[in-house]
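Right, one structure below, let's go through it.
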Amino acid sequence: MSIALFLLTFLFPPRTISVPALALPSTVASLSPRPVSVALPVMPVKKAPLTLSYRVTATTYWPEVGQTDDNPMETADGSIIPARHSSKTRWLAVSRDMLDKWGGPFRFGDKVRVSGISDALDGVYIIHDTMNRRHHHCVDVLVNKRECQQGLEGRWTGIRLSKLAPEPTWEAS
């Protein structure tokens, strides 16, 4: 019950009416509603794009003090990087200008599709971390140091970053 309805009921309680006063005249009791046709204009609906796409620069990183802060296994959103992580973990760090906290389109936990790096690194990632403030319009892919030594280390420009539509949440009716 809304607060306004509660207050109205509290301030102006309903009056009780005796039964004989409720009797309706026979003319009113025999009336029935008639159908009325209503014509509503049909307006075309503009659909918003399901995904937004951005062109960014991509690099790879692994959690070590030289590339992160003094606690390399903890990301900016408080997640802990698994000890046996690899490029299959699919975590991503984005530059601050890409996060909604600083006016960007993404939030921690958003799923994004990265394409244009390589067959091994393209795919769907979850944003868990942020980059140093000196970087703009960049993403950093979490990999293992061993993978970088085997050829996954690099810097790529013109990488496509697409925001995936959020999955619908289940609600009981």
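When you line the sequence shown up against mature numbering (1 follows the signal peptide of the UniProt record, and there is no 0), it's residues -23 to -1, 1 to 150, in that order.
We put the CB at the ideal spot given by N, CA and C, even for glycine.
Under DSSP, Asp106 forms a beta bridge with Ala70. Look at Ser64 here: in three-state DSSP terms it is helix. A direct Cα-Cα distance of roughly 10 Å separates Leu(-13) from Ala(-20).
Apart from sequence neighbours up to five positions away, the residues of its chain that approach Asp54 with a beta-carbon distance below 6 Å are Phe85, His105, ordered along the chain. Here Ala35 is near Ile94, since their CB atoms are less than 8 Å apart. The shortest CA-to-CA distance from Ser30 to any of Arg123, Lys140, Gly135 is the one to Lys140. Secondary structure note for Ile(-21): its alpha helix (DSSP H) is the uninterrupted segment -21 to -13.
In the structure shown, Leu141 adopts coil according to DSSP, grouped into three states. The C-alpha of Arg61 is placed about 25 Å away from the C-alpha of Cys115.
In terms of Cβ geometry, Asn121 and Ser56 do not form a close pair [threshold 8 Å]. Residue pairing from DSSP places Leu119 in a beta bridge opposite Tyr38.
Around Pro49, the same chain offers Pro40, Glu41, Val42 as residues with beta carbons nearer than 6 Å, after the five sequence neighbours per side are excluded. Apart from sequence neighbours up to five positions away, the residues of its chain that approach Ser72 with a beta-carbon distance below 7 Å are Met108, His112, His113, His114, Cys115, ordered along the chain. Going by DSSP, Lys88 is part of the beta strand (DSSP E) stretching over 88 to 92.
One alpha carbon belongs to Thr134, the other to Ser92, and they sit about 11 Å apart.
Listed in chain order, the non-local C-beta contacts of Gly81 below 6 Å within the same chain comprise Asp74, Met75, local neighbours out to five positions each way being set aside.
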